[in-house]
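If you want our numbering, it's the position in the sequence shown, counting the first as 1, plus 256.
Following: one structure in structure tokens, then a few remarks.
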Amino acid sequence: MLLRNLTAATLSSEGPYGLIDHAAIVIEAGKIAWIGAETDAPHIDGETIDLEGRLVTPALIDCHTHIVYAGNRAREFEMRLEGASYEEIARAGGGIVSTVTATRSASEDDLVADALPRLDAMLSEGVAVVEVKSGYGLSQEAELAMLRVARRLEELRPVRIKTSFLAAHAIPAEYDGQADAYIDEVCVPALRAASAEQLVDAVDGFCEGIAFTPAQIARVFELAKELGLPVKLHAEQLSHLGGTKLAASYGALSADHVEYASEEDARALATAGTVATILPGAFYTLREKQAPPIESFRAHGVPMAIATDSNPGSSPLSSMLLTMNMACTLFRMTPEEALRGATEHAARALGLSDCGTIKKGLRADLAIWDVTHPAELAYRIGFNPLHARIYDGKYAQ
Ligand code: DI6
Ligand code: FE
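What follows is the structure, given as structure tokens:
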């Protein structure tokens with residue numbers, strides 16, 4: 257298939273956005289076979305499609321989500337508007353733990369049905385890869401169920417799902433005050449079991465005052481290392497506990513949130529080659545004041561990904577386009593950083609090297625937009641200019 261009469265934001269060639277005007281793309285067997293100026297395009301036997309000047313980018317990647325869960329937390333939203341903080345609600349047994357109760361009592365079929373509309377919202381904005389975390393089960397059985405549901409989503413839609421094991425997300429009521437016992441008796445055996453069932457692509461944790469200490473997370477990461485699984489971490493979201501440095505010391509794929517990360521943390525991420533995943537949806541929802549140190553990340557050359565953090569509590573968001581806008585407006589990232597964060601660097605945050613830019617040999621996962629310049633993607637609010645999505649070399653929706 258030859259796509260012609262388009263502008264390509266390749267993110268891989270020279271100049272801003274790796275832009276190629278009057279471009280063409282040849283797709284063969286699900287891969288980019290050729291990309292360049294249309295005047296140089298090779299002759300092909302297959303179908304030719306005129307894109308009438310539209311913009312083509314790599315398909316978007318949402319590299320941090322919690323879309324598998326039951327119920328919602330609209331009541332908690334009301335409580336926060338009445339003055340309660342996210343942490344107070346969590347300590348009073350609401351928050352994550354209330355979603356755990358709903359998720360444990362749902363069947364796997366129910367969880368699939370609940371997750372699909374959230375996934376479909378993402379796909380409708382040109383997303384081709386979604387990371388999905390466990391973490392609302394908090395028992396071996398319920399964590400494995402969540403991961404099985406995540407895997408099933410991939411069979412039901414044209415999308416790639418990458419799973420992260422996140423049993424170290426919160427302390428369930430039955431282990432109240434016994435975080436160490438929860439790590440040893442639930443997280444560790446559940447990770448062994450989930451890994452044996454091939455349900456785990458990466459291992460995650462929540463390093464925070466209301467969750468787990470760096471020492472507790474390190475025990476989970478040691479097992480991940482033994483099992484040969486990459487790690488990532490919710491770090492420095494609400495306070496500075498040292499999770500970012502811990503993640504970097506394990507060569508993590510990413511450290512996520514990182515609002516309270518320091519200059520030294522930025523240096524550690526750069527040295528380790530760990531991506532900083534920026535999650536403006538949670539910052540916005542919780543009306544946080546501390547913005548992540550974007551300038552330090554820039555100065556030290558830390559690759560920045562952005563993601564929705566789609567979850568029922570701190571980020572009931574399923575729009576990568578709105579996330580791109582928030583990254584610019586709230587954190588002063590540039591529209592080019594936002595687009596790279598939603599593609600190139602998001603791929604890296606998932607350990608994927610076959611997508612995220614438009615380059616010969618990579619997967620033909622593309623988004624075709626009714627815009628003329630890529631900055632328009634981050635600029636509009638609540639408007640979806642997607643014309644079509646190409647997944648695995650085929651038009652998909
Ligand atoms: N940080 C988050 O933003 C989500 N999990 C986490 O560790 C919040 C999850 C929730 O509130 O349900
Ligand atoms: Fe999260």
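Beta carbons: idealized from backbone N, C-alpha and C, even for Gly.
Predicted model only: the values in this text are computed from it and were never measured.
Quickly, what does DSSP pair residue i with across the bridge? List them, please.
{"i": "serine 268", "result": "None; serine 268 has no bridge partner."}
{"i": "threonine 263", "result": "Leu311"}
{"i": "valine 459", "result": "Phe421, Val487"}
{"i": "leucine 573", "result": "BP columns for leucine 573 are empty, so no partner."}
{"i": "leucine 258", "result": "Val282, Thr304"}
{"i": "alanine 429", "result": "Answer is none; alanine 429 lacks a bridge partner."}
{"i": "tyrosine 651", "result": "Ile646"}
Using the Cβ count rule (16 or more neighbours within 10 Å means buried), how would you classify residue i?
{"i": "glutamate 270", "result": "exposed"}
{"i": "glycine 382", "result": "buried"}
{"i": "glutamate 399", "result": "buried"}
{"i": "threonine 359", "result": "buried"}
{"i": "lysine 616", "result": "exposed"}
{"i": "histidine 425", "result": "buried"}
{"i": "lysine 545", "result": "exposed"}
{"i": "proline 630", "result": "buried"}
{"i": "leucine 301", "result": "Note that residue 301 corresponds to aspartate in the displayed sequence, not to leucine. Aspartate 301 is exposed by the Cβ-count criterion."}
{"i": "proline 373", "result": "exposed"}
{"i": "alanine 547", "result": "exposed"}
{"i": "isoleucine 352", "result": "buried"}
{"i": "leucine 337", "result": "exposed"}
{"i": "histidine 322", "result": "buried"}
{"i": "glutamate 464", "result": "buried"}
{"i": "proline 298", "result": "exposed"}
{"i": "isoleucine 283", "result": "buried"}
{"i": "serine 363", "result": "exposed"}
{"i": "serine 510", "result": "buried"}
{"i": "glycine 569", "result": "buried"}
{"i": "arginine 543", "result": "exposed"}
{"i": "glutamate 478", "result": "exposed"}
{"i": "threonine 533", "result": "buried"}
{"i": "glutamine 493", "result": "buried"}
{"i": "threonine 628", "result": "exposed"}
{"i": "glutamine 434", "result": "exposed"}
{"i": "alanine 623", "result": "buried"}
{"i": "glutamate 593", "result": "buried"}
For the alpha helix (DSSP H) containing residue i, name the first residue and the last one.
{"i": "threonine 357", "result": "352-360"}
{"i": "methionine 491", "result": "In the sequence under discussion, the amino acid at residue 491 is alanine, which differs from the methionine named in the question. That residue, alanine 491, is in no alpha helix (DSSP H); its beta strand (DSSP E) goes 488-491."}
{"i": "leucine 400", "result": "396-412"}
{"i": "valine 476", "result": "470-483"}
{"i": "arginine 374", "result": "364-379"}
{"i": "glycine 597", "result": "591-597"}
{"i": "aspartate 444", "result": "Checking the displayed sequence, the identity of residue 444 turns out to be valine instead of aspartate. 444-452 is the extent of the alpha helix (DSSP H) around valine 444."}
{"i": "alanine 437", "result": "435-438"}
{"i": "alanine 583", "result": "576-587"}
Kindly indicate the opening and closing residues of the beta strand (DSSP E) around residue i.
{"i": "alanine 279", "result": "275-284"}
{"i": "threonine 419", "result": "416-421"}
{"i": "isoleucine 291", "result": "287-293"}
{"i": "valine 385", "result": "383-389"}
For chain B, is any of its Cβ atoms less than 9 Å away from the one on residue i?
{"i": "alanine 452", "result": "Absent from the structure is chain B; it holds one protein chain and no more."}
Continuous alpha helix (DSSP H) assignments of at least 4 residues falling wholly in the stretch 599-649 | Taken in chain order, the complete alpha helix (DSSP H) segments of 4 or more residues contained in the stretch 599-649 are 600-605, 631-635.
Pairing CB atoms from the stretch 260-278 with CB atoms from the stretch 550-564, are three or more of them under 8 Å?
-> Taking 8 Å as the limit for Cβ pairs, the verdict is that the stretch 550-564 does not touch the stretch 260-278.
Any alpha helix (DSSP H) of 4 or more consecutive residues that is wholly inside the stretch 500-571 | Restricting attention to alpha helix (DSSP H) runs no shorter than 4 residues, the stretch 500-571 encloses them at 519-528, 536-541, 550-556, ordered along the chain.
Counting only runs of 4+ residues fully inside the stretch 299-351, write out the alpha helix (DSSP H) ranges in chain order.
-> Residue ranges of uninterrupted alpha helix (DSSP H) with 4 or more members, entirely inside the stretch 299-351 and ordered along the chain, are 330-337, 342-347.
Quick check: the stretch 416-430 against the stretch 385-404, are there 3 or more CB pairs under 8 Å?
-> Flag = yes, the stretch 416-430 and the stretch 385-404 touch.
Evaluate the contact criterion for the stretch 438-449 versus the stretch 403-419: three or more CB pairs, one atom per stretch, below 8 Å.
-> In short, these stretches do not touch, since the Cβ pair count stays below three.
For the stretch 331-345 and the stretch 408-415, state whether three or more C-beta atom pairs, one from each stretch, are separated by less than 8 Å.
-> No: the two stretches stay apart, fewer than three of their Cβ pairs being nearer than 8 Å.
Are there three or more Cβ pairs, one per stretch, closer than 8 Å when the stretch 275-293 is compared with the stretch 531-545?
-> Too few Cβ pairs lie closer than 8 Å, so no.
Should the stretch 598-616 be called in touch with the stretch 644-652, which here means at least 3 C-beta pairs below 8 Å?
-> No contact exists between the stretch 598-616 and the stretch 644-652.
Check whether the stretch 454-464 touches the stretch 515-527, counting contact only when three or more Cβ pairs, one atom from each stretch, lie closer than 8 Å.
-> As far as the Cβ criterion goes, the stretch 454-464 does not touch the stretch 515-527, which means the pair count is below three.
Specify whether the stretch 517-530 and the stretch 566-577 touch according to this definition: at least 3 beta carbon pairs, one from each stretch, less than 8 Å apart.
-> Taking 8 Å as the limit for Cβ pairs, the verdict is that the stretch 566-577 does not touch the stretch 517-530.
Quick one: any contact between the stretch 300-320 and the stretch 584-592, if contact means 3 or more CB pairs under 8 Å?
-> Segment contact: the stretch 300-320 against the stretch 584-592, fewer than three CB-CB distances shorter than 8 Å; contact not assigned.
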